[in-house]
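Engineer:
Numbering (my numbering), first residue to last: 585 to 917.
(1) Between which two residues does the alpha helix (DSSP H) containing residue 839 stretch?
(2) Straight-line CA distance for residue 815 to residue 799?
(3) Would you kindly work out how many angstroms separate the C-alpha atoms of residue 724 and residue 624, rounded to a whole number?
(4) Return the CA-CA distance between residue 627 and residue 769, expressed in angstroms with no decimal places.
(5) Which same chain residues end up closer than 8 Å to residue 721 when comparing Cβ atoms and leaving out the 5 residues on each side of it in sequence?
(6) With a cut-off of 8 Å on the beta carbons, I'd call residue 793 and residue 830 a contact; round off their distance for me.
(7) Inspect the CB distances between the segment 698–718 and the segment 655–675 and report whether three or more fall short of 8 Å.
(8) Can you pull the DSSP bridge partners for residue 901?
(9) Tell me, please, whether the segment 641–652 touches the segment 760–780 by the rule of three or more beta-carbon pairs shorter than 8 Å.
(10) So residue 622 and residue 593 are supposed to be a Cβ contact under 8 Å. How far apart are they, rounded?
(11) So, for residue 847: in the same chain, excluding its five sequence neighbours on each side, which residues have a beta-carbon less than 8 Å away from its beta-carbon?
(12) Let's see if you can read the secondary structure: which residues bound the alpha helix (DSSP H) around residue 758?
(13) State the beta-bridge partners of residue 867 as determined by DSSP.
(14) What three-state label does DSSP hand residue 535 in the structure shown?
(15) Can you tell which of 636, 861 and 643 has the C-alpha that lies nearest to the C-alpha of residue 586?
(16) With a Cβ-Cβ cutoff of 8 Å, do residue 614 and residue 739 count as a contact?
(17) Please state whether DSSP places residue 732 in a helix, a strand or coil.
(18) Please determine, among 789, 879 and 844, the residue with the shortest C-alpha to C-alpha distance to residue 864.
(19) Spatial neighbours of residue 607 within its chain, please: C-beta separation below 8 Å, excluding the five flanking residues on both sides.
(20) How should residue 840 be labelled, buried or exposed, when 16 other C-beta atoms within 10 angstroms of its C-beta is the threshold for buried?
(21) Work out the CA separation of residue 807 and residue 813 for me, nearest whole Å.
(22) Give a yes or no on whether the C-beta atoms belonging to residue 727 and residue 697 are separated by under 8 Å.
(23) With respect to the alpha helix (DSSP H) encompassing residue 792, which residues constitute its N-terminal and C-terminal limits?
(24) Mapping the DSSP letters down to three states, classify residue 695 as helix, strand or coil.
(25) Name, in chain order, the residues that DSSP records as bridge partners for residue 670.
(26) Quickly, what does DSSP pair residue 612 with across the bridge? List them, please.
(27) Could you tell me if residue 880 is buried or exposed, where buried requires 16 or more neighbouring beta carbons within 10 angstroms of its beta carbon?
(28) Would you call residue 732 buried or exposed, if buried means 16 or more other Cβ atoms sit within 10 Å of its Cβ?
(29) Go to residue 652, then tell me how far its alpha helix (DSSP H) extends in each direction, as first and last residue.
(30) Under the three-state reduction of DSSP, which class applies to residue 806: helix, strand or coil?
Below is the structure:
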């Protein structure tokens, strides 16, 4: 099959392989799971196999159909991406119109809707009508990292395939291969991106190192800053909400490194190996109990953000609590 370039997701690939072999496609599939782990890549590979005109098993990669899928211009494959953060009712109406037309090649017509959670309620209701009365030989694949934003009636109309995060080794392998990074840098980027190769590959490592330098410097000064400084830093830290989850992951991984250094006294398990002196300094300042409490605090605020809490307000509260912990520690010392 032509899933060879996809890392991980063995269970889902087996399911899709059986579907292809039996040619018994459902009218709709829902691919859900963390962002950047290969859901869209899998949907495209699946579509390519279905549309391939070669008699060989799987997709040949060389026929006109395969080439058109690779170039995103196959007449029987509709690719929908959010425009300005939205998938509109007009987009859904266009999908319905295209799927009602006869296939150019005489086989299936497929539609991939990426980031399907960007449909508002009106768009989803319009799609629901299409799912309830599908045209023959058509398949729609919805892709989302936030399935809870979809109407339950839409989810119930789909065969739901839940993608799991990649293993650290698989994700690191993808980042090394596609990004050309050394193993240590690749594993750090993967950890920072929460196991998402897609997110890791989007990171500008040089820009991130500059930001990390400023963040580490500030975290080391928490006991010496005033409330207005905390609010200012929280505001600066909240810029670029596109990578807000990466910033929280950085905080979690930073204190994780301090904990590991405190326990083992060496750099063997550290992700931020190039910041050993700063880690050692923080390790001597905090007790293990304090560090574990900080880690729990960060993870608690990460969960709050997953429930759509305000990012800047969350950061203000978190840094205030870290500041209070630092002050109480200094007073004891």
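Here a beta-carbon is modelled for each residue, glycine too, at the ideal position from N, C-alpha and C. Please read these numbers as outputs of a predicted model, since none were measured by experiment.
Structural biologist: Here's the rundown:
(1) 828–848
(2) 14 Å
(3) 13 Å
(4) 29 Å
(5) 687, 691, 692 and 693
(6) Residue 793 to residue 830, Cβ: 13 Å. No contact.
(7) yes
(8) Note: residue 901 sits in no beta bridge, so no partner.
(9) no
(10) 6 Å
(11) 872
(12) 752–763
(13) None, per the DSSP bridge assignment.
(14) Residue 535 lies beyond the residue range present for the chain, which begins at 585 and ends at 917; the question has no answer from this structure.
(15) 643
(16) yes
(17) helix
(18) 844
(19) none
(20) buried
(21) 11 Å
(22) yes
(23) 789–803
(24) strand
(25) 667
(26) 724
(27) exposed
(28) exposed
(29) 648–654
(30) helix
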